[in-house]
Structures are given as structure tokens and as C-alpha cells.
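Undergrad: I am attaching a structure below and will ask some questions about it afterwards.
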Ligand code: GEK
């Protein structure tokens, strides 16, 4: 499917809070690849990790699926029999476009797209749950309950793949990571204006936490191990394992 170039913040404007609306859905593949370092590697590896942990006759959830990149990667790699992938996003524009993406690819493991809030979704008989840069957009007050629900819905041996932008504990360290990320965006063609307007738009919408905060929530929910498998600047991906 065709994806247009992200020029949403290229002109000076009164910046509203960022939302995953139609204009974002239309340019999303370009936006996320030029904004998240290692995005393609992360998505491909999520497919490989999913294949390693998918158990026969179970569900794989992709929560905050956007256009379904992680679901499609999981579907490409999973060999376990009789699995199904449930891809969830509460943005109607994203879910509609995701459905078109899913139909355009021949999926080995079937993918069902659901337009709903993660809060309303039951997690049952799951062997893999994917949250690829989604938790950071959820109200921090709701995060403990969501992670607990995921833990409870996972079968023994199941995993949560959690990718997040992280904050660093020292101001200097944080500034270094932010500078490196902004340079990454400049090198991908974003102007100073685009970088600064996007930053303003995300201010109250994306509330990031430190690795320690994630680890403490994951441990409190009952997970036995948290494996930090990818980091580039302030972007990370982790695997939480239920033994
Ligand atoms: C990828 N995982 O390409 N319920 C459901 N969906 C939500 C909620 C919620 N409460 N809050 C936010 N979303 C994708 C990328 S993008 C990350 C994920 C980014 C959805 C939101 O609509 C958006 O599609 C997605 O989470 C976050 O592998 O853009 O940085």
C-alpha cells in the first residue's frame, strides 16, 4: 500500500495535542521509520521472538497495532499450529488502514483487527502479547492494571514484548539521548521546525518512564524476567517472561 511522506509539522502552525487521526494514519510508515531509530529491526525481531514463544492453539495480541507492522511480522515467522493474531487499536483511522494492510498480505497465521481501547480488551489464552511503543500513550494511572491484565491472560511460558521510549535518570544523560535522537531526525530530513512542533504536540500525550519504572511494574505484576534486548538512544525493546 502507498504511504505518503510525513509533512504534518513542516509549516508553522498552532500546535494541537498529537492524535492518531486520518492525517497521521496516511503517513504513518514514513513517520515512524524516520522518527524511531531501529524501527525496522525491532519489528522484524518482534516477529522472530514471537515465533520462538508462540504456543500451538493460543492467541497473539498486538496492542496498539497502528497499521499492523508487528502483527504482519509475527504472522510471517510463527510456525506453531492453530494460532491467531488479534490486532487492536482505538484509532478508527489506524484500524481501517490496518485492515487493508492485512488483506493485502497473505498471512500465515490469521490476523483479526479490532478497533477498541486496550482497556476494553480481554486477554485470554495468550502466548505472546506485543506492545510496540503503545504503553507510553496510555494514561500512567492505567498502566499497572493493563500490565496485570496481560500477565493474567498469558499462559505459563508466555511473554510480553514491550517497546518504549525511555527517560534516563540523570539530566545530562537525558539531554545526550535527546540530542542524539534529534540528530537522527535531522538526518532523516526533518527540519528544526518539524522537530520542535512535534515535540510540543507530544508533550502531554506521550508520557515516558525510565527502565527502572517499567521493571518495577513488570516485576510487581508477577513476571519472572525482563530482558532488555534492544536499545538505540532513548528507544528500547524488552521481553517480559512468565515462567
Ligand atoms: C507498530 N505498534 O507500528 N487503546 C488502543 N490503542 C491505542 C491506545 C489505547 N488506549 N492508545 C494508543 N493507541 C505500532 C506502533 S504507535 C507508536 C504503535 C507511535 C494506539 C494509537 O492509536 C497508535 O496507533 C499506537 O497505539 C501507537 O508496531 O506512533 O510512536
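Numbering (the numbering used here), first residue to last: 287 to 529.
Ideal Cβ placement from N, Cα and C applies to all residues, glycine included.
Measuring only from the beta carbon, is residue 419 closer than 7 Å to any heavy atom that is part of the ligand GEK?
TA: Residue 419: yes, Cβ under 7 Å from the ligand GEK.
Undergrad: Assuming residue 357 and residue 351 make a contact with CB atoms under 8 Å, what is their CB distance in whole Å?
TA: Residue 357 to residue 351, Cβ: 6 Å. Contact.
Undergrad: Just mark residue 315 as buried or exposed, buried being the case when its beta carbon has 16 or more other beta carbons within 10 Å.
TA: When all chains shown are included, residue 315 counts as buried.
Undergrad: Any heavy atom of the ligand GEK closer than 7 Å to the Cβ of residue 345?
TA: Residue 345: no, Cβ never under 7 Å from the ligand GEK.
Undergrad: DSSP has residue 511 in a bridge; who is on the other side?
TA: Paired residue(s): 527.
Undergrad: Please report the straight-line C-alpha distance between residue 519 and residue 460, rounded to a whole angstrom.
TA: In a straight line, the C-alpha of residue 519 is about 10 Å away from that of residue 460.
Undergrad: CA-CA distance, residue 405 and residue 355?
TA: One C-alpha to the other measures close to 21 Å.
Undergrad: Starting from residue 484, follow the alpha helix (DSSP H) in both directions and report where the run begins and ends.
TA: Residues 478-488.
Undergrad: Helix, strand or coil: how does DSSP classify residue 395 here?
TA: Here residue 395 sits in coil by DSSP.
Undergrad: Which residue wins for smallest C-alpha separation from residue 516, given the options 426, 308, 343 and 447?
TA: Comparing Cα positions, the closest option is 447.
Undergrad: Between the C-alpha atoms of residue 454 and residue 412, what's the straight-line distance to the nearest angstrom?
TA: Looking at the two C-alpha atoms, the distance is approximately 32 Å.
Undergrad: Give me, in chain order, the residues of the same chain whose beta-carbon lies closer than 7 Å to that of residue 488; leave out the 5 immediate sequence neighbours on both sides.
TA: Answer for residue 488: 304, listed in chain order.
Undergrad: Starting from residue 313, follow its DSSP beta bridges and name the residues at the other end.
TA: None; residue 313 has no bridge partner.
Undergrad: When burial is assigned at 16 or more other CB atoms within 10 Å of the CB, is residue 296 buried or exposed?
TA: Label assigned to residue 296: exposed.
Undergrad: Near residue 410, what residues of its chain come up, given a Cβ to Cβ distance below 8 Å and the 5 sequence neighbours on each side ignored?
TA: The residues are 345 and 439.
Undergrad: Report the partner residues of residue 417 according to the DSSP bridge assignment.
TA: In the DSSP output, where bridge partners are listed per residue, residue 417 has 448.
Undergrad: How many angstroms separate the CA atom of residue 360 from the CA atom of residue 374?
TA: One C-alpha to the other measures close to 14 Å.
Undergrad: Roughly how many angstroms separate the alpha carbons of residue 381 and residue 495, rounded to a whole number?
TA: Those two C-alpha atoms are separated by around 27 Å.
Undergrad: Grab me the residues of residue 403's own chain with a C-beta within less than 8 Å of its C-beta, minus the 5 sequence neighbours each way, in chain order.
TA: Excluding positions up to five away in sequence, the list reads 376.
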